[in-house]
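**Student:** In our numbering, the protein residues as written are 24 to 579. All residues carry an ideal CB built from backbone N, CA and C; glycine is no exception. All values reported here derive from a predicted model rather than from experimental measurement.
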RNA sequence: UGGGAUAUCGCCAAGCGGUAAGGCAGCGGGUUUUGAUCUCGCCAUUCGUAGGUUCAAAUCCUACUAUCCCAGCCA
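#1: Return helix, strand or coil for residue 266, following the three-state DSSP convention.
#2: Using the Cβ count rule (16 or more neighbours within 10 Å means buried), how would you classify residue 51?
#3: Output the distance between the C-alpha atoms of residue 90 and residue 438, rounded to the nearest integer angstrom.
#4: Sorted by chain position, which residues of the same chain lie with C-beta nearer than 7 Å to residue 169's C-beta, five sequence neighbours on each side aside?
#5: Would you tell me roughly how many angstroms separate the C-alpha atoms of residue 221 and residue 232, rounded to the nearest one?
#6: Please state the DSSP three-state secondary structure of residue 448.
#7: Helix, strand or coil: how does DSSP classify residue 62 here?
#8: Have a look at 440, 509 and 396 and flag the residue whose alpha-carbon is nearest the alpha-carbon of residue 475.
#9: At which residue ranges does the region 537–573 contain complete beta strand (DSSP E) runs of 3 or more residues, listed in the order of the chain?
#10: Look at the alpha carbon of residue 553 and the alpha carbon of residue 288, and state the distance between them as a whole number of angstroms.
#11: Taking Cβ to Cβ, would you say residue 217 is nearer than 7 Å to residue 196?
#12: Under the assumption that residue 367 contacts residue 543 (Cβ atoms under 8 Å), give the Cβ distance between them as a whole number of angstroms.
#13: Could you say if the region 370–382 and the region 270–289 meet the contact criterion of at least three C-beta pairs nearer than 8 Å?
#14: Are the beta-carbon atoms of residue 430 and residue 415 separated by less than 7 Å?
#15: Could you check the C-alpha separation between residue 26 and residue 335 for me, to the nearest Å?
#16: Can you tell me where the beta strand (DSSP E) holding residue 254 begins and where it ends?
#17: Does residue 172 pass the burial test, meaning 16 or more other C-beta atoms within 10 Å, or should it be called exposed?
#18: Look at the alpha carbon of residue 228 and the alpha carbon of residue 185, and state the distance between them as a whole number of angstroms.
#19: What number of angstroms, rounded off, separates the C-alpha of residue 333 from the C-alpha of residue 547?
#20: For the region 305–320 against the region 65–72, are there 3 or more C-beta pairs whose distance is under 8 Å?
#21: Along the chain, where does the beta strand (DSSP E) that runs through residue 281 open and close?
#22: Assign residue 349 to one of three DSSP states: helix, strand, or coil.
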């Protein structure tokens, strides 16, 4: 088993250790704060594992807070999906679910406080004018003509905003900070805007909504968050985070720390781009097994433990990074190798007839569910005269490196007998249609007495007792390692990201539970999708292949 | 001379003045009724570059270079 008791070390945990040691804090309180405007992906998992992991290891608390300050982009369906994903990943938030919208009354009060202190003003400039006055990265901004309105008048205007007396865009509330600041976010940032939008939590109570920078720090303070962890692009915003808390009457002083987001090769990680894949029908939906979403990974057969392990292995730093898919795959292989029962399935079937067996022969062989773990028990496997083997496991002739079935040579059928290929039939195009073999009935569970060796071991499924199944093999969604950098994402989509096989599965697999992983021996890990195709066949999704040193060698 | 960050093996990533952890990938050997697993071994005289301080530098100083982020009434 992986080192479950090994705690990650990273710069954030170092800070926490120091804060705990110095007495700055005597416990930790973190939070995972998604905006409910899309589905969670593996990048969010990094944040979830970081925040909830700290709570677990330091016996602290971790909140789930929906950062729901923009009703136009958000939806209750997303909040439900996010809750489900967090739980599925194996985490439970402390206390009730939090919503930034829970604090709208308090937030409003703090806004009035800033106005009364002369630190905020209602600006009637147009959006375009505000943009012009903000200046550029190298040139300072200029003050708004509304910047020096007196507090009483601002207060009245702000209340009128709240009471719906202005139209959307007619005015907004801005913090009065410094139009010459080198931090663009400090050039009198807008902190409240008018939106006559229905909110999934507060309904139609409000027509003004606070902006992220004003809301987040106050929400953290209200919830007594000690360490507010977010991604690198908010580094500049930390100045505004601190400015707000410095200028309102609130006791708690949370601190923000930023870490780099996760990038994964051959996929995209922004909600906008993932959304495009869905709406343009490049994938089946948010839970398409090719998607890097939590829902997609789940349907692909990834386990919560494997995703947690991945998030621990990649670490937490401030360095820009792009992690190889192999890292993720190694984590799920490690889990499934240990925990997935073995089974047999044939993806690209070719018929094989065992000539020295009676037509109606059905022999129920005992096959262990795991080669290295007897406690996982065994299942029965029907051995019959006609079976299917993998098309690539037979060649009429081959060199010595080919450890599979060749005419005149013997291989072992996995969990069964030695067979020897005698001849094969072909169709008019030269494609092999049937292989004829004989089997050695003395070789079940043992080697032949005369010391003969098999060239290899191949998997098989009974042609008469096995069941048809649709088996979906997935590959990377894109052909380039950084599709996010492309102008036209659609142009670099991998046309072979989904390959559907019509294969056969051993009868026992009919009892497979949805999303529970099996190893199809010699092929990889697969799970039942939970759905059947139009022909009523079970659909299996390939999670990941086995490591394949043979394929590597062949491609050399 | 806008500002904020970051640079350690192909990919992640420890290291915090005492002489380069670990994981993934890769390579080679052994075991094996999965070309899987397991197992054993190999894999940075070097830490973006160039100087400097020091008995000693990836770690301190200086100057460069490269990359990322910031001009939403998005988060």
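**Tutor:** In short:
#1: helix
#2: buried
#3: 55 Å
#4: 144, 145, 146, 147 and 148
#5: 11 Å
#6: strand
#7: coil
#8: 440
#9: 540–543, 547–555 and 561–568
#10: A straight line joining the alpha-carbon of residue 553 with that of residue 288 spans about 29 Å.
#11: no
#12: 7 Å
#13: no
#14: no
#15: Below a pLDDT of 50, predicted positions are generally treated as unreliable, and residue 26, at 40, falls in that range; the measurement from the model is reported next regardless. If you take the alpha carbons of residue 26 and residue 335, they lie about 11 Å apart.
#16: Its beta strand (DSSP E) spans residues 250–254.
#17: buried
#18: Each residue's alpha carbon lies about 10 Å from the other.
#19: 19 Å
#20: yes
#21: First-last of the beta strand (DSSP E) with residue 281: 278–282.
#22: In the structure shown, residue 349 adopts helical secondary structure according to DSSP, grouped into three states.
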